[in-house]
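S.K.:
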Amino acid sequence: MLSILVVDDDPMICKTMGDVIRLKGYHCDTAYDGGQAISMIKENDYQCVFMDIKMPGKNGVEVFKEIKKFSPKTLVILITAFTSDSLVLEAKEEGALVVLPKPLNLREINKFLRFLEKGKSIFIVDDDNHFCKTLADVLSLKGYRIEVALSAEEAIEKIDKMDIVLLDMKLNHMSGLDVLKKIKRIRKDIQVILITGYYEEMRPAIDEALRISAYTCLPKPVDMKILLGLLERIYKNKIKRFFRVTL
């Protein structure tokens with residue numbers, strides 16, 4: 001079950017958000033100051049923290065900086081009623097993904113929580129079963145939910161389930177470029193990272209794929225450090241685009 005922490009010195013905001021989140025079936029705790037929030041995050045595994053910027057004692061930005069040190073993977077969404085405050089700029093400089101203005105759009109929050117509940121999903125499309133299994137094992141250990149397709153036809157059938165696609169450029173019966181075109185007709189929003197063991201040979205097809213919005217192309221053997229960095233960047237950008245109004 002998704003576990004959320006709401007941090008705000010206004011008990012009514014904590015109650016309202018907590019009630020909405022729990023009604024959707026998620027676990028939600030509340031904290032009324034930064035010190036309490038830090039203690040709770042150290043003791044619990046929260047998938048997301050919604051935290052007010054302006055609070056007595058430690059402000060939200062100070063707490064955010066501390067969280068980054070001891071729990072860097074914890075997703076923190078900062079919220080504020082003071083849209084022109086210097087703390088908003090400081091939060092962005094410290095790497096805050098999203099700063100939301102009050103009052104919050106609860107419909108957007110619910111949609112965002114459904115996205116988090118689904119998890120980070122990666123679709124590996126490659127006709128090399130051994131490669132798929134090896135890559136899937138590594139990505140699973142990093143917290144990604146993996147689906148594998150060993151053919152172009154299978155990939156196109158399952159594409160609605162996925163957020164990010166790792167697509168081999170050389171498949172049996174259909175080229176990766178043709179698969180990319182079909183995917184983009186079905187899901188314009190999906191991000192596709194191309195992979196190939198024939199980079200120079202496939203350069204014209206790769207260039208065309210990049211022109212029609214493939215994210216990038218990685219050579220095989222895949223450098224996992226580079227791939228994981230790309231996946232994290234794509235995931236963070238997806239989070240930013242979830243909210244229509246941000247600061």
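Just so you know, we're using our numbering here: the sequence shown kicks off at 1 and counts up by one. Quick reminder that beta carbons are idealized off the backbone N, C-alpha and C, glycines included. Keep in mind that this is a model prediction, so the values were computed, not measured.
1. Which residues share a DSSP beta bridge with VAL191?
2. Mark GLY248 as exposed unless 16 or more other C-beta atoms lie within 10 angstroms of its C-beta, in which case mark it buried.
3. Taking Cβ positions, are LYS24 and ASN105 nearer each other than 8 Å?
4. Below 8 Å between beta carbons: does that hold for GLN47 and LEU100?
5. With DSSP run on the structure shown, which of helix, strand or coil describes THR196?
6. Expressed to the nearest angstrom, what Euclidean distance is found between the alpha-carbon atoms of ARG187 and VAL49?
7. Please state if the CB of ASP52 and the CB of VAL125 are separated by a distance shorter than 8 Å.
8. With which residues is LEU100 paired in a DSSP beta bridge?
9. Helix, strand or coil: which one does DSSP assign to LEU5?
10. Decide if the region 167-176 is in contact with the region 135-152; the criterion is three or more beta carbon pairs, one per stretch, under 8 Å apart.
11. Could you check whether the region 89-103 touches the region 68-78, counting it as contact only if at least three pairs of C-beta atoms, one from each stretch, sit closer than 8 Å?
12. On the CB-based measure, 16 or more other CB atoms within 10 Å of its CB, does THR30 come out buried or exposed?
13. To which residues does DSSP link LEU218 through a beta bridge?
14. Where do the N-terminal and C-terminal ends of the beta strand (DSSP E) with ARG145 fall, by residue?
15. Assign LYS120 to one of two classes, buried (16 or more other C-beta atoms within 10 Å of its C-beta) or exposed (fewer than that).
16. Give the straight-line distance between the Cα atoms of PRO204 and LYS220, rounded to the nearest whole angstrom.
17. In this structure, how does DSSP classify ILE226 when only helix, strand and coil are distinguished?
18. By the 10 Å Cβ neighbour count, where 16 or more other Cβ atoms means buried, how is GLY34 classified, buried or exposed?
19. By DSSP, does HIS130 sit in helix, in strand, or in coil?
20. Just how far apart, CA to CA, sit ILE67 and SER86?
21. Here's the rule I'm using: 16 or more other beta-carbon atoms within 10 Å means buried, otherwise exposed. How should GLY60 be labelled?
22. Alpha carbon to alpha carbon, what distance is there between GLU200 and LEU5?
23. Going along the chain, which residues of its own chain have a beta-carbon closer than 8 Å to the beta-carbon of VAL20, five neighbours each way excluded?
24. Where does ILE53 sit, in a helix, a strand or coil, going by DSSP?
25. Can you name, in chain order, every residue of its own chain whose Cβ lies under 6 Å from the Cβ of PHE123, other than the five neighbours on each side?
26. Among residues of its own chain, excluding the 5 on either side of LEU82, which ones have a beta-carbon nearer than 8 Å to its beta-carbon?
M.R.: Answer, in terms of the structure:
1. The count along the sequence shown starts at 1 and reaches residue 191 at position 191. According to the sequence as given, residue 191 is Gln; it is not Val. Under the DSSP definition of a beta bridge, GLN191 partners with ILE164.
2. This structure cannot speak to residue 248, because the chain is shown only from 1 to 247.
3. For the purposes of this step, residue 24 is taken as the residue at position 24 of the sequence shown. For the purposes of this step, residue 105 is taken as the residue at position 105 of the sequence shown. No, these two residues do not count as a Cβ contact at 8 Å.
4. Looking up residue 47 in the sequence shown gives position 47. Looking up residue 100 in the sequence shown gives position 100. No, they are not a contact pair.
5. Against the sequence shown, residue 196 aligns to sequence position 196. It is a strand residue.
6. Counting from one through the sequence shown, the residue named residue 187 turns up at place 187. Counting from one through the sequence shown, the residue named residue 49 turns up at place 49. Note on geometry: alpha-carbon atoms of ARG187 and VAL49 lie some 30 Å from one another.
7. Locating residue 125 in the sequence shown gives position 125, counting from the first residue. Locating residue 52 in the sequence shown gives position 52, counting from the first residue. Cβ distance not < 8 Å, so VAL125 and ASP52 don't count as in contact.
8. Here residue 100 is taken as the residue at index 100 of the sequence shown, counted from 1. Bridge partners of LEU100: ILE79.
9. Your numbering for residue 5 matches position 5 in the sequence shown. Note: LEU5 maps to strand in three-state DSSP.
10. The region 167-176, when compared against the region 135-152, does touch it at the 8 Å Cβ threshold.
11. Yes, since at least three Cβ pairs between the region 89-103 and the region 68-78 fall closer than 8 Å, the two stretches touch.
12. Mapped onto the sequence shown, residue 30 falls at position 30. Around the beta carbon of THR30, 16 or more other beta carbons lie within 10 angstroms, which makes this residue buried.
13. For this step, residue 218 is matched to residue 218 along the sequence shown. The beta-bridge partner set that DSSP reports for LEU218 consists of ILE195.
14. As a first step, residue 145 is located in the sequence shown; it is residue number 145 there, counting from the start. Annotation for ARG145: the continuous beta strand (DSSP E) segment containing it runs 145-149.
15. Start at 1 with the first residue of the sequence shown, and residue 120 comes out as number 120. By the 10 Å Cβ count, LYS120 comes out buried.
16. Stepping through the sequence shown from its first residue, residue 204 is reached at position 204. Stepping through the sequence shown from its first residue, residue 220 is reached at position 220. Each residue's Cα considered, the two are about 17 Å apart.
17. Numbered from its first residue, the sequence shown carries residue 226 at position 226. In the structure shown, ILE226 adopts helical secondary structure according to DSSP, grouped into three states.
18. For the purposes of this step, residue 34 is taken as the residue at position 34 of the sequence shown. Per the 10 Å Cβ criterion, buried.
19. Mapped onto the sequence shown, residue 130 falls at position 130. Correct three-state label for HIS130: helix.
20. The residue labelled residue 67 in the question sits at position 67 within the sequence shown. The residue labelled residue 86 in the question sits at position 86 within the sequence shown. The alpha-carbon atoms of ILE67 and SER86 are separated by roughly 20 Å.
21. Taking the first residue of the sequence shown as position 1, residue 60 is located at position 60. GLY60 comes out buried.
22. What you label residue 5 is simply residue 5 of the sequence shown in a count that begins at 1. What you label residue 200 is simply residue 200 of the sequence shown in a count that begins at 1. Spanning the alpha carbons of LEU5 and GLU200 requires a straight line of approximately 49 Å.
23. Locating residue 20 in the sequence shown gives position 20, counting from the first residue. So the qualifying residues of the chain are LEU106, ILE109, ASN110.
24. Reading the sequence shown from its first residue, position 53 is the one you call residue 53. DSSP places ILE53 in coil when its eight states are reduced to three.
25. Locating residue 123 in the sequence shown gives position 123, counting from the first residue. Excluding sequence neighbours, PHE123 sits near GLU147, MET162, VAL165.
26. Mapped onto the sequence shown, residue 82 falls at position 82. It is worth fixing the name first, because residue 82 is Phe in this sequence and not Leu. Contacts found: ILE53, LYS54, VAL88.
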